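Notes to accompany the following structure.
2 protein chains.
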Amino acid sequence: MSTPAKTPAPGPETAERTGQHAPPVPAPKRRVGRPTKRVLSRRLILETGLRLIDERGAHGVGMRAIASELGVRPSALYNHVAGQAELIAGVRELISDRIATDMFASEPWDAALAGWATHYRNTFAAHPPTIALLATLPLAEESVTSQMYETVIDALVRAGWPGERALTLMVALESFILGSALDLAADDGMLDPGPRRDVPAFSAAYAERAGVLAASGGRAADAAFELGLRALLTGFRAEYAALGLRPRER
Amino acid sequence: MSTPAKTPAPGPETAERTGQHAPPVPAPKRRVGRPTKRVLSRRLILETGLRLIDERGAHGVGMRAIASELGVRPSALYNHVAGQAELIAGVRELISDRIATDMFASEPWDAALAGWATHYRNTFAAHPPTIALLATLPLAEESVTSQMYETVIDALVRAGWPGERALTLMVALESFILGSALDLAADDGMLDPGPRRDVPAFSAAYAERAGVLAASGGRAADAAFELGLRALLTGFRAEYAALGLRPRER
DNA sequence: GACCGTAAAAGAACCCTGTTCATTTACGAG
DNA sequence: CTCGTAAATGAACAGGGTTCTTTTACGGTC
């Protein structure tokens, strides 16, 4: 089961069992020296990293695991990526790049914010193990993320928000988004109190929520995200009104 | 440099240079076998772990580092702690235990929530490196955290919130708190766009905020937390009113 | 009081990381 | 044709967590 019919070639059959997952490519059997055809690229490495995270969890982002998956020795990766930290940052960019911002061009600021937040969270939610991995990382400079921020800030400023308030608002909203993504990544029954008699109100509320969710078929994390997002936007609109803001002339 | 001049003495003076930080205790020089006086305890290990995280960052929570700090071989730790994962969970409990909840006994639900959220965030903020480490961890069952939840839920239910809504609301607020703590842990200039000409609105807003913060002397993350918290509470109060809720009779 | 199971330490290994280095080979420009 | 450079292998290294054996001390029992 573990030794997959090694080809009886006379050459040294190295690079055989580096990881415990069977490599999809049967046996690259590359000999030493620069290969005729390019084997790796930064892009390929990052995408393989993301795929392995999805398939095997956060544990799958190891240099050796990625190398093994690509049929390559670990040291080969360092010709394209500086190290593991940069690799993870690259994967983050890969995901961030998919967050849509087109709603800011067509919808009013508050509706656009709601759509953006939802899409933002869902994009990370599509790769649960990455959330804990990526949420804690500082943003790389010169990142595409800055362009996403540009779109958001620009829309808010056009709606009348002072630049400083717009930035603060966006950061607050993003904090909620990332926190919600973490909550989503955690197990559903994470805060199940279990059969305890010392936390009656908590236990009762938990059971009650379980009933509601079973009836509606939704996820607990989704309900919390929707409630929080709704409350945040209500608060933002109140602030908008209290400041007497109006959309700028264009 | 790597082979540290082993002393030619006949006596085995081991446990000398395990880490690169000088241990505060000069040299325990303990010989093999069970010591006369207890050296370790679960509590001592956890507190040392927290202290090392504070002093050296998230990197300081290694088993070998803690052992070295305590003047002990790494394997000795396993007599008191199952492994690193349990250790980190223990440190989390250590911190969570300090989150105050007394405001729920004396203040109305919305003011209490605000005070709790602020204290919650500040408690984690007192140990910045821990945030990324602990925020991603699932809660241990039977944890003291459940009692904190009990207090919060109980107060909300007494205020008239249905149990299910109370729980959802608390999870939403906690998501915001943890997200804000992550934001706080990140570097202050984390999303500095730098001298880029392709993100004008973002750059302008960033510069404007820098001016405001310089004048007020506050931190960026604090402003975002306060704005978001205020907005959330406004939204929660609106929901409370829309549902026609009233405090329960006691 | 001698005995014995158990607790708690040292110490030595094991395996798995990320990373670096020397080596080998191919490509591409002058 | 030659030479510098890019891109792979292969062999290390340092440093993690963890486990296993050994040694010693404690605490209860006949």
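So the protein sequences, as listed, match chains A and B.
For the first sequence, our numbering assigns the number 9 to the initial residue and increments by one for each residue that follows.
For the second sequence, our numbering assigns the number 9 to the initial residue and increments by one for each residue that follows.
All residues carry an ideal CB built from backbone N, CA and C; glycine is no exception.
Predicted model, so just to flag it, every value in this text is computed and none were measured.
How far does the alpha helix (DSSP H) with residue i in it extend, from its first residue to its last?
{"i": "residue 63(B)", "result": "50-64"}
{"i": "residue 98(B)", "result": "92-104"}
{"i": "residue 203(B)", "result": "Run containing residue 203(B): none; DSSP gives neither H nor E here."}
{"i": "residue 186(B)", "result": "171-193"}
{"i": "residue 235(B)", "result": "228-250"}
{"i": "residue 156(A)", "result": "153-166"}
{"i": "residue 82(A)", "result": "82-85"}
{"i": "residue 143(B)", "result": "136-143"}
{"i": "residue 131(A)", "result": "117-133"}
{"i": "residue 111(B)", "result": "111-114"}
{"i": "residue 72(A)", "result": "71-77"}
What number of angstroms, rounded off, separates the C-alpha of residue i from the C-alpha of residue j?
{"i": "residue 122(A)", "j": "residue 254(A)", "result": "19 Å"}
{"i": "residue 259(A)", "j": "residue 87(B)", "result": "Past the boundaries of the shown model lies residue 259(A); chain A is included only from 9 to 258, so the question cannot be answered."}
{"i": "residue 52(A)", "j": "residue 92(A)", "result": "15 Å"}
{"i": "residue 66(A)", "j": "residue 177(A)", "result": "31 Å"}
{"i": "residue 142(B)", "j": "residue 100(B)", "result": "6 Å"}
{"i": "residue 69(B)", "j": "residue 63(B)", "result": "10 Å"}
{"i": "residue 135(A)", "j": "residue 256(B)", "result": "43 Å"}
{"i": "residue 109(B)", "j": "residue 151(B)", "result": "16 Å"}
{"i": "residue 261(A)", "j": "residue 186(A)", "result": "With chain A covering only 9 through 258, there is no way to say anything about residue 261(A)."}
{"i": "residue 98(B)", "j": "residue 218(A)", "result": "28 Å"}
{"i": "residue 77(B)", "j": "residue 132(B)", "result": "23 Å"}
{"i": "residue 32(A)", "j": "residue 138(B)", "result": "Residue placement at residue 32(A) is poorly supported in this model, since its pLDDT is 49, which falls under 50; the coordinates are not used for a value here."}
{"i": "residue 247(B)", "j": "residue 216(B)", "result": "34 Å"}
{"i": "residue 221(B)", "j": "residue 192(B)", "result": "15 Å"}
{"i": "residue 48(B)", "j": "residue 85(B)", "result": "8 Å"}
{"i": "residue 183(B)", "j": "residue 156(B)", "result": "15 Å"}
{"i": "residue 96(A)", "j": "residue 96(B)", "result": "23 Å"}
{"i": "residue 43(B)", "j": "residue 59(B)", "result": "25 Å"}
{"i": "residue 203(B)", "j": "residue 232(A)", "result": "38 Å"}
{"i": "residue 140(B)", "j": "residue 190(B)", "result": "6 Å"}
{"i": "residue 1(A)", "j": "residue 82(A)", "result": "Nothing about residue 1(A) can be reported from this structure: the residues present for chain A run from 9 to 258 only."}
{"i": "residue 244(B)", "j": "residue 242(A)", "result": "9 Å"}
{"i": "residue 73(B)", "j": "residue 80(B)", "result": "10 Å"}
{"i": "residue 205(B)", "j": "residue 206(A)", "result": "59 Å"}
{"i": "residue 113(B)", "j": "residue 228(A)", "result": "28 Å"}
{"i": "residue 30(B)", "j": "residue 75(B)", "result": "With a pLDDT of 48 at residue 30(B), under the threshold of 50, the modelled position of this residue cannot be trusted; read the value that follows with caution. Taking the straight line joining both Cα atoms gives about 13 Å."}
{"i": "residue 201(B)", "j": "residue 54(A)", "result": "24 Å"}
{"i": "residue 125(A)", "j": "residue 45(A)", "result": "43 Å"}
Please confirm if residue i has its CB atom under 8 Å from at least one CB of chain A.
{"i": "residue 61(B)", "result": "no"}
{"i": "residue 238(B)", "result": "yes"}
{"i": "residue 161(B)", "result": "yes"}
{"i": "residue 143(B)", "result": "yes"}
{"i": "residue 70(B)", "result": "no"}
{"i": "residue 248(B)", "result": "no"}
{"i": "residue 222(B)", "result": "no"}
{"i": "residue 187(B)", "result": "yes"}
{"i": "residue 138(B)", "result": "no"}
{"i": "residue 204(B)", "result": "yes"}
{"i": "residue 183(B)", "result": "yes"}
{"i": "residue 157(B)", "result": "yes"}
{"i": "residue 207(B)", "result": "yes"}
{"i": "residue 210(B)", "result": "yes"}
Count the other C-beta atoms from every protein chain shown that fall within 10 angstroms of the C-beta of residue i, then say buried if there are 16 or more, exposed otherwise.
{"i": "residue 208(A)", "result": "exposed"}
{"i": "residue 230(B)", "result": "buried"}
{"i": "residue 40(B)", "result": "exposed"}
{"i": "residue 164(B)", "result": "buried"}
{"i": "residue 129(A)", "result": "buried"}
{"i": "residue 249(A)", "result": "exposed"}
{"i": "residue 173(B)", "result": "buried"}
{"i": "residue 188(A)", "result": "buried"}
{"i": "residue 94(B)", "result": "exposed"}
{"i": "residue 154(B)", "result": "buried"}
{"i": "residue 252(A)", "result": "exposed"}
Does any residue of chain B bring its CB to less than 8 Å from the CB of residue i?
{"i": "residue 123(A)", "result": "no"}
{"i": "residue 242(A)", "result": "yes"}
{"i": "residue 175(A)", "result": "yes"}
{"i": "residue 251(A)", "result": "no"}
{"i": "residue 43(A)", "result": "no"}
{"i": "residue 52(A)", "result": "no"}
{"i": "residue 214(A)", "result": "yes"}
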